[in-house]
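Single-structure report; data block below.
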Ligand SMILES: [Mn+2]
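Residue numbers (mature numbering (1 follows the signal peptide of the UniProt record, and there is no 0)): -18 to -1, 1 to 365.
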């Protein structure tokens, strides 16, 4: 072997033993994204949980809120409702909670100061936790909805963490098809009475069960297109409720729209935004629900399928993710007692998780509204 090759071979051998990569000194340091090293064992900080550990919404702590014993107190609880046997079109929303949590992995309490308002809603007065999913049977809708009723009752019956601000913990549900909003409204009624619903959706969802499904059987009349009719029938909804983003056709314009009004709703249509802008939509909604407690339900199909393809009943001609977030954030000051994001069916999403990312950010906005405006409960709760 020529001497020059020998030198090269020995240099390579030296290189392969030098495995430690040393970077030049820098004039600063990176704050850990989450957690701080306990110092139990010297070395790298592995206490950080971002993209590691089990996936909760926004890397929040998991609490077994449905436990029979006492748990760490919280003020705002995220809970999944894996239920999709109330749909009239594409199923798949039972995997919505998992999809939304996956879409939220980049969000963390340590890195959430908004460039719009300078606030980090995870770091104000409220303890926000993820309760995991409600155990719902997929074989009987009546039983599943009873299980979800009880889930809401148990989670909201615990004593809040920061009782000096608000005594009743509030819940944000990750759907699930839209039927899952009904148990949530029953639960907010128990604590705060009837509410104005701000319902972001491309569909009315106030269909008379006798028109949609109920002709088949009483059981079939309880579904994701009739739950607002049923909520009205049960007296859970005030006449100051609003739909926002409506664009899907109706079967009978005289009956459907009249019936919708009778259920307590007024309508902002999707294309109204072109005329009055996000500021105009915000003004209508804010004025419309003034002085009442508010429940915000976001059917992800309010977005155009370009921004949310992964949903059961997609309708073209919808709002953008930015427009929806602007409108949601614009509702600050409203007394939001509960909220949800529903109809996310991850199987129809794309590799970029477009729908899941949008849904995760919508949940973030709902948390912001709840933290911004605490709500006093009228019913006292026990520990
Ligand atoms: Mn809906």
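A virtual CB, placed ideally from N, CA and C, is assigned to each residue, including glycine.
Could you tell me whether any non-hydrogen atom of ligand 1 is closer than 7 Å to the CB of residue i?
i           : result
residue 225 : no
residue 160 : yes
residue 281 : yes
residue 185 : yes
residue 297 : no
residue 206 : yes
residue 216 : no
residue 317 : no
residue 272 : no
residue 106 : no
residue 325 : yes
Please state whether DSSP places residue i in a helix, a strand or coil.
i           : result
residue 289 : coil
residue 125 : helix
residue 54  : coil
residue 352 : helix
residue 130 : helix
residue 326 : strand
residue 344 : helix
residue 25  : coil
residue 112 : strand
residue 247 : strand
residue 259 : helix
residue -18 : For residue -18, the predicted model reports a pLDDT of 48, less than 50, meaning its position is unreliable and no value from the coordinates is stated.
residue 270 : helix
residue 135 : helix
Using DSSP's beta-bridge definition, name the partner residues of residue i.
i           : result
residue 279 : 181, 322
residue 316 : 314
residue 152 : 58
residue 157 : 63
Apply the 10 Å Cβ neighbour rule to residue i and answer buried if 16 or more other Cβ atoms are within range, or exposed otherwise.
i           : result
residue 338 : buried
residue 350 : buried
residue 253 : exposed
residue 171 : buried
residue 275 : buried
residue 152 : buried
residue 367 : The chain is shown from -18 up to 365; residue 367 falls before or after that span and cannot be answered.
residue 184 : buried
residue 364 : Here residue 364 scores only 37 on pLDDT, less than 50, and its place in the model is too uncertain to base an answer on.
residue 35  : exposed
residue 214 : buried
residue 23  : exposed
residue 225 : buried
residue 305 : buried
residue 27  : exposed
residue 289 : buried
residue 205 : buried
residue 174 : buried
residue 63  : buried
residue 344 : buried
residue 327 : buried
residue 75  : buried
residue 261 : exposed
What are the uninterrupted segments assigned as alpha helix (DSSP H) that are 4 or more residues long and contained completely in the segment 173 to 239, given in chain order? 209 to 215
At 4 residues or longer, and completely inside the segment 33 to 106: list those alpha helix (DSSP H) runs for me, N to C. 78 to 85
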